[in-house]
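Going left to right, the first sequence walks through residues 94 to 665 as this note's numbering numbers them. Don't be surprised by glycine CBs; every beta carbon is placed ideally from N, CA and C.
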Amino acid sequence: MRISKLVGERLKDSASGTNVKSHNFLLRAGYLKQVCNGIYSLMPPAQLVNLKIQNIIREEMNKVGGQEVLMPVVMPKEMWEKSGRYYSIGQEMVRFKDRNDHDMLLGMTHEEAAVHLCSNTIKSYDQLPYMIYQIQTKFRDEARPRAGLIRVKEFTMKDAYSFHYDKEELKDYYQKVYESYNRIFKRIGMKNFIAVKSDTGMMGGEVAHEFMLLTDIGEDSIVICPHCDYKANMEVATSIDQKPTFDDTQLQEVFTGDAKTIDEVCHLLKIQSNQTIKAVCYAIVGDDTNTVVIFIRGDKEVNEAKLKRVVGKEVAVKDLAETGFVKGNIGCINLNIPNTKIIYDTSLKGLCGMVTGANKEGYHISGVNLSRDLPNIEYFDVSKVNEGECCPICGKPLTIKKGIEIGNIFQLGTKYTKSMDMTITMPDGSLVNPLMACYGIGAGRALASVAEESCDDKGLVWPMSITPWQVYFCPLRMDDENVKATAEKLNDQLTQKFEVLYDDRNISAGIKLTDSEIMGIPLRVVISPRSLQNGQAEITIRKSGEKIMIELDKLEEKLKLLIATEMEELNG
RNA sequence: CGAGGUGUAGCGCAGUUUGGCUAGCGCGUACGGUUCGGGACCGUAAGGUCGUGGGUUCAAAUCCCACCAUCUCGACCA
């Protein structure tokens, strides 16, 4: 590829607005062009990376017996009514009517379509396990796209669906894909990634894992035990909480005036936040009359994902404006508000000497002893894990890190096959709903994640396996007859063996060298009047900055070796 | 959905507070010339409904109103 003909330009000035370094480089190096909020076009270099990532995924899916299919982006309402998700999924699913006034939607995931595709083609247990996958566009009308390709509305995703006749077989297959995912991420050049237990969310089902790239720009929090194998998304993470102990005293009303927040009350009464009982109120989505009140220790926070599982419905933070609650003074003693579901977090269990609101303006109550004053309550774990709390497996302190979700795998059970009436015949002749699992990887997010993890202060640094070009061929002084003739000849020769981006522009060296760096091409070959005097070229390795002078007739061999070495590392 | 920021040439920006006549700068682009192993220099040229609509005014990029787009933060502690 001649860079003079390459669509897109390298920008000298940093694009404004974004604070994610890899996204900045992707824009400046001519990989991406934004169309609107959360929607991007991929320029030729990005599409080359995208295709390589897709091919690695494809190879690994084929290795575990996956069969590639292509399901539609647009689906009819009826298909999603059967599974119930037409109504349970919110605004992130785009719905519209076709010209015949028929309700349609844009696919944001394809469990329904996968069951539809397989339900008449798989008839017997004998045909299982069975996996279909596709690499296709998804549309999710995200509330807030961010960080370039990390969170977008439209993206290309590999999604796979497997079918099974019993739990054991499902588990075995799930494990195979789990290992396949590890290979995929390693092959595309990701380094610091882990698999964690995760929430099943809108997918349903029981067991699920997320593959997380650990990075500060990540939007998920991951709880990790540095001492054992425990790793979990904050949404499902649990911990052993070391309970604080306070003197057991009698209930006493104390005047707290305008002190409303935990901080203010603590400051006034000269206590720590872990001696307070905090009230948090939620509304149940689609139910205006009821309120959920959570009592939780003052130093803890409510984990909404856990709360949703306890309540069994979607919840949202409640505005207390038109309720009977005394804002800032809500407490668990003598709280009598109708239509209220009260949940006590396990962080309160067994505590005494606590401070809570008095349910009247200007007062709190001290000396609350949970087992004495509220003897018959049930506790639920609805709190977030705090850093330093103890691992539920080994009891040692936990750490919390940020991560990007780069892939997920779910054991779905029969949620979809049951609701959509898919059955198979078992050996004894009975009809059962097969078990199902699904597996996703976003190609664009993978691209951006690798870019983020690998880039340095000069620009992108692509792993050899997914680089748009292996070699940036960079002759300096294209006005020099000898350089130009040699360059053309060498380009023809190298192009036979390698993926080459040929910088054929007659411009100053600085621009060419800088472009090669910001674009992140792993190997740069420079020739110039100076190097040609000795019949040599200079190879620079982008990752390490290492420079190698090499005779022109040995260039091809050396490049081949450098490429093979890195590819071997990536493929394990 | 809430809060804040931004919107002027392909890209990055100044000008807006205090309205003024042909709207500027840098980069990039085209042509000519000198340079050239780390974003060189000189000259010439092209390129703009100042986000959109409405209003105030003799006069609006600038003041007022509405809307749109986009970025960042938040969607969580009572």
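Residue 543 has its alpha-carbon roughly 13 Å from the corresponding atom of residue 663. The beta carbon of residue 154 sits closer than 8 Å to the beta carbons of 161, 224, 226, 251, 253, 273 from its chain, once the five residues preceding and following it are set aside; these are given in chain order. Closest in alpha carbon position to residue 628, among 648, 561, 594, is 648.
Every alpha helix (DSSP H) of 4 residues or more that sits fully in the region 552-612 is shown, in chain order, as 574-590, 602-612.
Of the other Cβ atoms in all chains shown, fewer than 16 fall within 10 Å of the Cβ of residue 134; this residue is therefore exposed.
Using a 10 angstroms sphere on the CB of residue 393, the tally of other CB atoms reaches 16 or more, which defines it as buried. Segment contact: the region 135-144 against the region 253-267, fewer than three CB-CB distances shorter than 8 Å; contact not assigned. By DSSP's assignment, residue 409 forms a beta bridge with 376. Non-local beta-carbon contacts of residue 466 in its own chain, meaning distances under 7 Å to residues more than five positions away in sequence, involve 344, 426 in chain order.
Boundaries of the alpha helix (DSSP H) harbouring residue 664: 645-664, taken from the DSSP string. In the DSSP assignment, residue 317 falls within the unbroken beta strand (DSSP E) covering 313-317.
By the C-beta density criterion, residue 477 is buried, having at least 16 other C-beta atoms within 10 angstroms. Following the DSSP letters along the chain, one finds residue 270 inside the alpha helix (DSSP H) bounded by residues 260-280. If the five residues before and after residue 556 are omitted, its C-beta is found closer than 8 Å to the C-beta atoms of 281, 282, 543, 547, 615, 659, 663, all from its own chain and listed in chain order. In this structure, residue 367 lies away from residue 475, with their beta-carbon atoms at least 8 Å apart. Considering only 101, 311, 447, 203, the residue with the shortest C-alpha distance to residue 242 is 311.
Here residue 342 is exposed: its Cβ has fewer than 16 other Cβ atoms, across all protein chains shown, within 10 Å. The shortest CA-to-CA distance from residue 445 to any of 523, 570, 458 is the one to 458. DSSP lists 595 as the bridge partner or partners of residue 95. Taking 8 Å as the upper bound for CB-CB distance, residue 197 and residue 169 are in contact here, some 6 Å apart. The beta strand (DSSP E) runs of length 3 or more contained entirely in the region 399-475 are, from start to end of the chain, 408-410, 433-438, 447-450, 456-461. Just so you know, the alpha carbons of residue 470 and residue 314 end up roughly 31 Å apart. Residue environment for residue 129: exposed (fewer than 16 other C-beta atoms within 10 angstroms of its C-beta). Per DSSP, the continuous beta strand (DSSP E) segment holding residue 501 begins and ends at 492-506. DSSP places residue 237 in the coil class of the three-state scheme, outside both helix and strand. Within the DSSP bridge table, the entry for residue 535 names 250 as partners. When the alpha-carbon of residue 612 is set against those of 121, 100, 176, the nearest one is in 121. If one requires a minimum length of 3 residues, the beta strand (DSSP E) runs lying completely within the region 610-640 are 616-620, 629-634, in chain order. Residue state for residue 134 is assigned as strand, using DSSP reduced to three classes. Separation of the CB atoms of residue 373 and residue 355 is rounded to 11 Å, and the pair is thereby denied contact status at 8 Å.
The DSSP-derived three-state label of residue 145 is helix.
In this structure, residue 275 sits away from residue 306, with a CB-CB distance that is not shorter than 8 Å. The three-state reading of DSSP puts residue 223 in strand, counting E and B together. Residues of the same chain with a CB within less than 8 Å of the CB of residue 408, apart from the 5 flanking positions on each side, are 375, 376, 377, 378, 385, 397, 400, 401 in chain order. Between residue 429 and residue 453, the C-beta spacing is not below 8 Å.
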